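Quick notes on the structure that follows.
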Amino acid sequence: MNLDDLTGEYADIEKRLADPSVHADQAAARRLGKRYAELRPIVETARDMRAAQDDAAAARELAAEDPAFAQEAADLDERITELEETLRRLLVPRDPNDDKDIILEIKAGEGGEESALFAGDLLRMYLRYAERAGWKTEIIDAQHSDLGGYKDVTVAVKSRGSEEGVWARLKYEGGVHRVQRVPATESQGRIHTSAAGVFVVPEAEEIDVQVDPNDLRVDVFRSSGPGGQSVNTTDSAVRITHLPTGIVVSCQNEKSQLQNKEQAMRILRARLLAAAQEEAEAAASAERKSQVRTVDRSERVRTYNFPENRISDHRVGYKAYNLDQVLDGDLHNVTQALVDADMEQRLAEAT
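Heads up: the sequence shown is residues 198 to 548, going by the working numbering.
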């Protein structure tokens, strides 16, 4: 679709959004609003570029009689070049999930109790980062370890309607995160290496994924670990198995079986959506190898080195010596390096 088509679509949506009858269907109005927000920076940049081109042409004409306008024309040409590059980036096809919220799961891996403590550190990092971004977080399910870490924790992150979705920033976090430090359980001061796995999926709405109840096996059991009075006393925990895919989701955080089932279904829909999209992408481009987007989740993606206060992302060669700040939620530069690398690859594919 060319710029004229996009400008026309933008004007049409603007007119439709001004019609009160459109807002009677809130879902349709939201879809129009999202598309309008996507098109706005493209249309505004295109308008700025055309205005600069007209001004530059006028300045060149005036420069033929008054050399003082030559510098103005040169400055406008430089501005046009910048706007053209901005527009080129804006026209790169977007990830359709970029405006979605996410469900993020952190699992302790190699390293036993130390890995569980590290999983807790990662959870705190993401919660603090979300707080800085103005996002809303909700811990859906958690299995605590004996020393206060997490064997497994699942958290939903919502953007609260901000212009940039959570998936756009955190979709690159999936993979194995490795930590190097002296564990709290180490009495002789030796540095250990352990790891935790991070799994990120866009949160699916019911309209995104249709789940046939006949495809589900629902089991109930007693919750375990720290919790309220219902833990270990009632069958409130729920395990849902999606029979066609074999995906299994368990939830025990809530006090009632119904609440745990609702949370488990929420996670299941997100995983089914992610699996369907991965399958579609693989079928569409079996040969495509993305350094960032299709990284194997079994691969080590990042190392957190405490003795050197260093964080390293191995996919894009990012390295910084502010690990303490990153773990306190200052994750922007890390995620931006991944966003930039992905954009460069998309630009290369588009040419």
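Virtual Cβ for every residue (Gly too), placed ideally from N, Cα, C. Treat the numbers as computed from the prediction; the structure is a model and nothing was measured.
May I ask you to report which of helix, strand or coil DSSP gives residue i?
i: Glu311; result: helix
i: Lys348; result: strand
i: Thr552; result: Any property of residue 552 remains undetermined from this structure, which presents the chain solely from 198 to 548.
i: Ala224; result: helix
i: Lys458; result: helix
i: Tyr515; result: strand
i: Leu203; result: helix
i: Ser453; result: coil
i: Ile337; result: strand
i: Val408; result: coil
i: Ala215; result: coil
i: Val489; result: In this prediction, Val489 scores a pLDDT of 42, lower than 50, which makes its location untrustworthy; the coordinate-derived value is nonetheless stated afterwards. Reduced to three states, the DSSP call for Val489 is coil.
i: Gln426; result: With a pLDDT of only 43 at Gln426, under the threshold of 50, the placement of this residue in the model should not be trusted, and no figure is reported.
Is it the case that the Cβ atoms of residue i and residue j are separated by a distance below 8 Å?
i: Leu280; j: Ala254; result: no
i: Leu229; j: Val219; result: yes
i: Arg257; j: Ala270; result: yes
i: Met322; j: Leu535; result: no
i: Ala472; j: Thr438; result: no
i: Gln377; j: Thr390; result: yes
i: Gln460; j: Asp349; result: no
i: Lys304; j: Ala316; result: yes
i: Leu301; j: Val354; result: yes
i: Pro238; j: Leu287; result: yes
i: Leu465; j: Ile444; result: yes
i: Ala580; j: Tyr347; result: The requested residue 580 is not part of the displayed model; the chain covers only 198 to 548.
i: Arg357; j: Gly331; result: yes
i: Arg329; j: Gly514; result: no
i: Leu520; j: Phe503; result: yes
Hey, is residue i close to the ligand FAD, as in C-beta under 7 Å from one of its heavy atoms?
i: Glu400; result: With respect to the ligand FAD, the structure shown offers nothing to examine, as it has no ligands at all.
Determine the burial state of residue i: buried for a count of at least 16 other Cβ atoms within 10 Å of its Cβ, exposed for fewer.
i: Asn411; result: exposed
i: Pro399; result: buried
i: Gly371; result: buried
i: Pro290; result: exposed
i: Glu335; result: exposed
i: Val415; result: exposed
i: Thr242; result: buried
i: Glu311; result: buried
i: Pro293; result: exposed
i: Ser453; result: exposed
i: Ile388; result: exposed
i: Asn199; result: exposed
i: Asp298; result: buried
i: Asn457; result: buried
i: Gln340; result: buried
Name the two residues that bound the continuous alpha helix (DSSP H) containing residue i.
i: Val523; result: 520-524
Along the chain, where does the beta strand (DSSP E) containing residue i start, and where does it finish?
i: Arg497; result: 497-502
i: Leu413; result: 413-418
i: Ile508; result: 507-510
i: Thr438; result: 434-439
i: Val398; result: 389-399
i: Ser447; result: 444-448
If you scan the region 356-381 from start to end, which runs of the alpha helix (DSSP H) of 4 or more residues do you find wholly inside it? 363-367
I'd like the ranges of any alpha helix (DSSP H) spanning at least 4 consecutive residues and lying wholly in the region 251-321. 265-287
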